[in-house]
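Visitor: I'd like to ask you about the structure that follows.
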Amino acid sequence: MRAPILALPELLINQIAAGEVVERPASALKELLENSIDADATAIRIELIEGGIKRIRVADNGGGMPKAELLLAVKRHATSKIRDLHDLERVATMGFRGEALASLGAISRLTVASRMLDAPHAFSLQVLGGDIGATEPAALAEGTVIDAEDLFFNTPARRKFLKTEGTEFGHCEDAAIRVAMAYPSIAISITHNGRLIWSHAPQSHEARAMAILGDEFAGSSLRIAELHAAFSLNGFIALPRYSRAGRDQQFTFVNGRFVRDKLLQHAIRAGYADVLHHGRQPAFALFLTLDASLVDVNVHPAKAEVRFRDSRAVHQFVFHALNKALSATSAEVSTPMADPTKVAQRANARDSPRTVQGQISVAPRYSELRFSSPTQYTANEPNNAANRFYDVMRGESPNTPNPPTAISTMAPPNDTVAPPLGFALGQLHGIYILAQNQQGLVVIDMHAAHERILYEKFKRAASIYETASQPLLTPIAFAIAPRERELLDDNRPLFLELGFDFADLSPNEIAIRAVPAMLDRREPHDLLREMLDELSLHGASRAIEERRDEILSTMACHAAVRANRILTLPEMNALLRQMEETERSGQCNHGRPTWYQFAISDLDRLFMRGR
Ligand code: ADP
Ligand code: MG
């Protein structure tokens, strides 16, 4: 009954490829803008109709194409940008796969018109759902105009996946903003349904970034200009006093290309780790430049992801650049906040219309380094300590304040066999736990370790049974932007399965009615926003398991003990014991180590003992 193997027709191949390259109007727009950049345009005009679904038109004043190449331009795997593998390994242009125009031609009514400098006139070519027409003379003053109409008109199944006009336009605008940010010397404008949305004249890097990020960012930002043998990092980052509820002002570029990269994201967050309130998002526009051979951009058809040759070095470099810049401002940051509610109110007003109702609690961020009073650890640790640990882990404040005492030097009783991670000695800078084991000193990243434990626990719970749900006494209203609503609707079964419950209040407001029982119940709106952000970062096309893990990972991060939380020794020891029991506890959810061993011999060497 088996059907014979047949080669697929060209149109079908292009339609399949179009599914990867052109997911929605915004991805088509991105490809067209990149082509204009590669053609050295200094001015780009974008015109969209009905969110780009009806029409995407990009006109540039770049170098153009000769008549004979118009036909090649719309054929698959035809490109002027790379010739061989050597070129591929050091791509300097935005495009190189030769797929965009062919894909667009397969799923829209495409017109390409172009005029080479000094040519007497322009030529144009039409492609209607894969049928390529004849090359004809056309009227065009300069550059290239690409006009794609009726996206997915011949692939109705794909068309159904498109969202509302407003949502699709929003994605297109994001794509345009990213290009505007990365190429300030290019004049760029965007119109929607005939109305000018914004335009920028050629500007300096700084002026363009500030025009996009706004006055308030401009008034609270630092310039980053860091050079290393192999990399440079430039751009602007917001001071911690300017933070946001969402990731809408986070721009990372690698060699001029906007990327969503977990490693960079992580390095940046780590740079802010000590100075930003948990749950708030930093704002930044950062440009990493490195030799093209040190980064692989050919990982993803839409080139939204990259792979670094030496990811560790990149992480270190970015983290240190931010850390240095931000720690220089720590005097400002560490002044105690006069009235936390005011800060929260201001923060919310700033992010309007994405405001959150319901009570907002801001935990004090800076506390002195203190060690708790000595408590004797025994092999059978009393349950109350473990319970208190759980309370702390769930974010419930212990009733008893920690007595401010001198540094504890408690050592475990000599006759006890130390467990692998040993016994806690104390806390360092509210971030690390120091412990003594057989080999010597163990330094544990408290948050990372706890996050891992919770993540594994949540994953186990989610795989075995439906996660128990905890209804909220008073449902919390949550203002929701159209794109967030879209994400929420797409993932609603997943959220329900994990124990969340929502009610629709209005098109732009929902009520959070229940949260997973294993979670801290105090700031579900922060958590929800983080989860939606995390989901939006990676698109909806991924497998459900991947999305579930993402949600669980965000839940774990949210629930994990935060920096500067003072733990008692029994609490620290309880954490160490849990780490020993947890799979993969040696690494946090982001792949960083959670603990590090310093052997006595390492320390001896430092002090030149025993020589
Ligand atoms: P790629 O950009 O990967 O080469 P595309 O399908 O996007 O593939 O474009 C195919 C070719 O058409 C490009 O290599 C380039 O030579 C030409 N081209 C496309 N857009 C433009 C433009 N705006 N200006 C000049 N040439 C263009
Ligand atoms: Mg291209």
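Mapping of the sequence shown onto my numbering: position 501 corresponds to residue 501, and the numbering continues sequentially without gaps. Quick reminder that beta carbons are idealized off the backbone N, C-alpha and C, glycines included. Here the structure is a predicted model, which means the values were calculated and not measured.
Count the other CB atoms within 10 Å of the CB of His525; is the residue buried (16 or more) or exposed (fewer)?
Guide: It is buried - the Cβ of His525 has at least 16 other Cβ atoms within 10 Å.
Visitor: I want to check one thing, is the minimum distance from the CB of Asp147 to the heavy atoms of the ligand MG below 8 Å?
Guide: Asp147: no, Cβ never under 8 Å from the ligand MG.
Visitor: Just the C-alpha distance for His171 and Ser601, rounded to the nearest angstrom, thanks.
Guide: Those two C-alpha atoms are separated by around 56 Å.
Visitor: Along the alpha helix (DSSP H) that carries Tyr272, what are the first and last residues, could you check?
Guide: From DSSP, the alpha helix (DSSP H) with Tyr272 extends over 262-272.
Visitor: Per DSSP, what kind of secondary structure is Asn255 in: helix, strand or coil?
Guide: Note: Asn255 maps to coil in three-state DSSP.
Visitor: How should Tyr596 be labelled, buried or exposed, when 16 other C-beta atoms within 10 angstroms of its C-beta is the threshold for buried?
Guide: Exposed.
Visitor: Where does Pro202 sit, in a helix, a strand or coil, going by DSSP?
Guide: Pro202 falls in the coil class under three-state DSSP.
Visitor: Pull up the distance between the alpha-carbon of Ile212 and that of Val299, whole angstroms please.
Guide: Between Ile212 and Val299, the C-alpha separation is close to 29 Å.
Visitor: What do you reckon, are the CB atoms on Asn14 and Ala157 nearer than 9 Å?
Guide: Their beta carbons are not under 9 Å apart, which means Asn14 does not touch Ala157 by this criterion.
Visitor: Name all residues in chain order for which at least one heavy atom of the ligand MG lies closer than 5 Å to the residue's CB.
Guide: Working through the chain, the matches are Asn35, Gly95, Ala100.
Visitor: Determine the extent of the alpha helix (DSSP H) in which Ser232 is found, giving its start and end residues.
Guide: Ser232 -> not in any alpha helix (DSSP H); beta strand (DSSP E) instead, spanning 231-238.
Visitor: My assumption, with CB atoms under 8 Å, is that His192 sits in contact with Leu32. Please give the rounded CB distance.
Guide: That belief does not hold up - the Cβ atoms of His192 and Leu32 are roughly 16 Å apart, past 8 Å.
Visitor: Quick check: what's the CA-CA separation for Val515 versus Phe502?
Guide: Near 9 Å, if we compare the C-alpha coordinates of Phe502 and Val515.
Visitor: If contacts are defined as beta-carbon pairs under 8 Å, then Leu286 and Leu239 qualify, I think. What distance do you get, rounded to the angstrom?
Guide: No, Leu286 and Leu239 are not in contact; Cβ-Cβ is about 15 Å, not under 8 Å.
Visitor: Out of Pro482, Glu546, Glu484, Ile107, point me to the one whose CA is closest to Val21's CA.
Guide: With distances taken between Cα atoms, Val21 lies closest to Ile107.
Visitor: Would you say Gly235 and Met94 are within 9 Å of each other, going by their C-beta atoms?
Guide: Against a cut-off of 9 Å, the Cβ pair of Met94 and Gly235 comes out as no contact.
Visitor: What is the rounded straight-line gap between the Cα of Ala563 and the Cα of His277?
Guide: Taking the straight line joining both Cα atoms gives about 10 Å.
Visitor: Quick one: which unbroken beta strand (DSSP E) runs of 3-plus residues sit fully inside the segment 94-178? Chain order, please.
Guide: Qualifying beta strand (DSSP E) stretches, in chain order: 109-115, 122-128, 136-138, 143-149.
Visitor: Along the chain, where does the alpha helix (DSSP H) that runs through Glu530 open and close?
Guide: 524-537 is the extent of the alpha helix (DSSP H) around Glu530.
Visitor: Could you have a look at Pro403 and say whether DSSP puts it in helix, strand or coil?
Guide: With a pLDDT of only 31 at Pro403, under 50, the local geometry of the prediction cannot be trusted, and the value read off the model is given with reservation. Note: Pro403 maps to coil in three-state DSSP.
Visitor: Taking only heavy atoms of the ligand ADP into account, decide whether any of them is closer than 8 Å to the Cβ of Leu72.
Guide: Yes, the ligand ADP has a heavy atom inside 8 Å of this Cβ.
Visitor: Write down the C-beta distance between Arg548 and Leu494 rounded to the nearest angstrom, noting that I regard them as a contact closer than 8 Å.
Guide: So it is a contact: roughly 6 Å between Cβ atoms.
Visitor: On the premise that Gln436 lies in contact with Leu567, defined as a C-beta separation below 8 Å, what is that separation, rounded to the nearest angstrom?
Guide: Leu567 to Gln436, Cβ: 16 Å. No contact.
Visitor: Threshold first: 3 residues or longer. Then list the beta strand (DSSP E) segments lying entirely within the segment 573-599, N to C.
Guide: As far as the segment 573-599 is concerned, its whole beta strand (DSSP E) runs of at least 3 residues are 595-599.
Visitor: In the DSSP assignment, the alpha helix (DSSP H) including Phe502 goes from what residue to what residue?
Guide: No alpha helix (DSSP H) contains Phe502, which is instead part of the beta strand (DSSP E) from 501-506.
Visitor: Looking at Ala119: is its Cβ nearer than 9 Å to the Cβ of Gly64?
Guide: Against a cut-off of 9 Å, the Cβ pair of Gly64 and Ala119 comes out as a contact.
Visitor: Pull up the distance between the alpha-carbon of Met531 and that of Pro475, whole angstroms please.
Guide: The alpha-carbon atoms of Met531 and Pro475 are separated by roughly 18 Å.
Visitor: Quick one: what's His192 bridged to in DSSP?
Guide: Bridge partners of His192: Leu48, Arg195.
Visitor: Mind reading off the beta-carbon distance from Thr167 to Glu486? Whole number of angstroms is fine, and I expect it under 8 Å.
Guide: Their Cβ separation, rounded to whole angstroms, is 6 Å, which keeps Thr167 and Glu486 in contact under 8 Å.
Visitor: Smallest Cα separation from Leu527: which of Ile5, Ile544, Glu546, Ala560?
Guide: Closest option to Leu527, Cα to Cα, is Ala560.
Visitor: Among Ser311, Ala273, Ser220, whose alpha-carbon lies nearest the alpha-carbon of Lys262?
Guide: Measuring from the Cα of Lys262, the nearest candidate turns out to be Ser311.
Visitor: Taking 8 Å as the cut-off, is the beta-carbon of Ser80 closer than that to any non-hydrogen atom of the ligand ADP?
Guide: Ser80: yes, Cβ under 8 Å from the ligand ADP.
Visitor: Check this for me: beta carbons of Phe308 and Asp291, under 9 Å apart or not?
Guide: Not a contact, by the Cβ cut-off of 9 Å.
Visitor: Taking only three categories from DSSP, how would you classify Leu498?
Guide: Coil at Leu498, not helix or strand.
Visitor: With 16 as the cutoff for other CB atoms within 10 Å, does Ser185 come out buried or exposed?
Guide: Looking at its Cβ environment, which holds fewer than 16 other Cβ atoms inside 10 Å, Ser185 is exposed.
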